[in-house]
Every structure is written in structure tokens, then in C-alpha cells.
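**Student:** Position 27 (the sequence shown) corresponds to 1048 in the working numbering; numbering is contiguous. Shown below is the structure under consideration.
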Amino acid sequence: LELAPTEAGPFSDHLRRHLGNLKQSRELETALEKVVQANGWVSIPSEQAFKLYSMGLVKLQGNSVMPRCDLYHKYFCDRLCQRIEPES
1022 LELAPTEAGP
1032 FSDHLRRHLG
1042 NLKQSRELET
1052 ALEKVVQANG
1062 WVSIPSEQAF
1072 KLYSMGLVKL
1082 QGNSVMPRCD
1092 LYHKYFCDRL
1102 CQRIEPES
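Below, the structure is given as C-alpha cells:
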């Protein structure tokens, strides 16, 4: 299970394909970044929510979304969430 959200994991091709699709749309990439940074349900613009839902990346409840599963949460947070590097 530790390897699942990594490039060496059994789902790496599937996850990379989704990441490649997200990289083609800055709006979707930014929306999913917001989703995986949140703890629980979060509101994003409805068009983006529907597209992410259609891709199978999020669960939809009313006007709110959250990652469909822990695997997506971990993988996409590792790759999309902005990290602030400590100053040396």
C-alpha cells in the first residue's frame, strides 16, 4: 500500500494519465489542488467540479467535492500542492 501513490506503484500508469490530462488545463489542475489541500468537502466552480467528477477524481455532494479516494488524495497532493521551501 505504501507504493500505491508512487511512480513505482501498481496504479502509476493510471495516475500519470490523469495527471497528464490535468496538466492540459490550468483551471482543472488548480481546482484539484484546492480539493486535495482541503480537509473534507470543498466548494469549487461547478464546471470544474463536474469535469473532475466526470474524470472520476472526486465525489460530488451538492456543490461540494472531495477526492474520490485516499490514493487520489495522496498522489495528487504530492504532485500538485504548492510546497514552500524553507530558507537556508
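Where a beta carbon is used, it is the ideal one built from N, C-alpha and C, also for glycine.
If we ignore side chains and look at the alpha-carbon of each, how far apart do CYS1098 and VAL1057 end up?
**Tutor:** Roughly 6 Å separates the two Cα atoms.
**Student:** Are LEU1053 and LEU1078 touching if we call contact CB-CB under 8 Å?
**Tutor:** yes
**Student:** Threshold first: 3 residues or longer. Then list the beta strand (DSSP E) segments lying entirely within the segment 1053-1103, N to C.
**Tutor:** 1079-1082 and 1085-1088
**Student:** Using CA coordinates, which residue listed in SER1033, LEU1040 and PRO1031 is at the minimum distance from LEU1073?
**Tutor:** LEU1040
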